[in-house]
Amino acid sequence: MYGINLRQLVASTICSVAIVSVYHEINLRYFSPGRGLYFFNGTRSLRGGPEALQSPSDGVSNVALGFETLASNSDGESNIALGDRSLFYNLTGNSNIGIGAVALFANTTGHYNVAIGSDTLRSNTTGDHNIAINYDALHNSTTGSDNSAIGYLAMFNNTEGQGNVALGAYAGRDNVHGSYNTWVGLDSGPETMDSFSNSVALGFDARTTKSNQVVIGNKKIEETILRGKVSIGEGTPISRIHSVRQTLDFPPTSGKNISDLRVHVQGARPGDAVSLGVPLESVSDTGTYSAWVSSSDTVTIRYKPRLLEDPAPGPFRVLVVGF
C-alpha cells in the first residue's frame, strides 16, 4: 500500500516543511483504533472509521467519519457523513450532509439533503432538498422533497409529502402524505394522521382539520388580535372590527314616531359599516331596526314601528367594521 505515515514523518523531520505533496494517501494510524484517517488525493476524499467509504475511488470530494459512514457509496460526490452509519446506503446521491448516528441512513440517490441529529431523515431514499434538524426529524420520509423540519420528532411520520415546513418539537408529526403545509409551534400540525395540504397552523397545539385551512392558536385561545388590514376572500381589506353587546329597552312607540337609543362603541368612526344583531325577544312583526355610526365612538339604533308597540328588552349585538 502506498502512503505516508505522518507519525514517522513528523518524528524524523526536524526542519520546517513548506509543502508536502501527497500522491496516494495519508494514513494516521493512531487516529482511530485499527483503521486510521485516510485522505485520497486522487478523489479528494477523506475517511476515518471502520468500513467508512469502502470504495473511495468511485466518488469525489466526500468526507466520511465514523463506523460504516458512506459505506455503500459508488458515484456519490461532495457528501459529508459524520456519525455511525450516516449515509450508509448512499450510492449516487450528491451534496448531502448527514451528521449524527444513522442520519440519512437509507439515502440512495437523493441530493442536496441536510440531516443534523441522530435518526434524522433516516428513511429517505430518493427525496431531494430536505432539511431535518434534531433527533428523529423527518424520520420516516422516503421520497418526499423540499421539506424543512426543525425540532424533536418534527414531521416524524411524513413519507411522501413535499414542500412542508415544520418548526418546533413534534410539529407536523402526524402528517403522512400532505404537501405544502406550514406548522409553527410545539405540537402544531394536523388534528389526526391525515394528509391535508396547503394548510397553516400557528402556535402551540394549533391543529388543522382539513386542506386549504389556516388555524391560529389552540382551542383555549380566547382572544385574537390582528394588526393592520385583513382581507377576507377577494373583498376589501378590513382595518378595524369592533363588537359590543348591550341590553336595550325601547319605550312604547307608535307608527308616527321613532325611538333612538345610543350605544358606546370604542373606535367606531362615521362612515363605518354597522351590523346589528336583534335578540329574538325584541323582534317585532311590524317594526324595523336600523343602526349607523352617528359620531365617533357612538352607534345610534333606531326602532320604527307601523303600529303602537312596546318591544321587549334584550341583548343587542352591534358590530362595526372599518375599511
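Sequential numbering of the sequence shown, starting at 191, is according to my numbering. Cβ coordinates follow ideal geometry from the N, Cα and C atoms, glycine included. The structure presented is a predicted model; accordingly, all values stated were derived computationally and were not measured.
CA-to-CA, the gap between A242 and H319 works out to about 24 Å. Between the alpha carbons of G307 and T332 lies a distance of about 17 Å.
About 12 Å separates the Cβ atoms of G256 and L236, ruling out a contact at the 8 Å cut-off. Linking V292 to S313 through their CA atoms gives a straight-line distance of about 9 Å.
Linking D487 to S474 through their CA atoms gives a straight-line distance of about 27 Å. Taking a 10 Å sphere around the C-beta of M345, we find 16 or more other C-beta atoms and assign the residue as buried. By the criterion of a C-beta distance shorter than 8 Å, T443 is surrounded in its chain by S449, G477, Y493, K494, P495, L498, E499, D500, once the five residues flanking it on both sides are discounted. One thing to note: N330 has its Cβ within 7 Å of the Cβ of T349.
Per DSSP, reduced to three states, the secondary structure at L438 is strand. Residue state for L509 is assigned as strand, using DSSP reduced to three classes.
Residue environment analysis places E267 among the buried positions, since at least 16 neighbouring C-beta atoms fall within 10 angstroms of its C-beta.
A direct Cα-to-Cα measurement between Y360 and N408 gives close to 15 Å. For secondary structure counted as the beta strand (DSSP E) over 3 or more consecutive residues, the region 278–302 holds these complete runs in sequence order: 287–289.
Of the residues assessed, H301 falls on the buried side of the cut-off, its CB having 16 or more other CB atoms within 10 angstroms.
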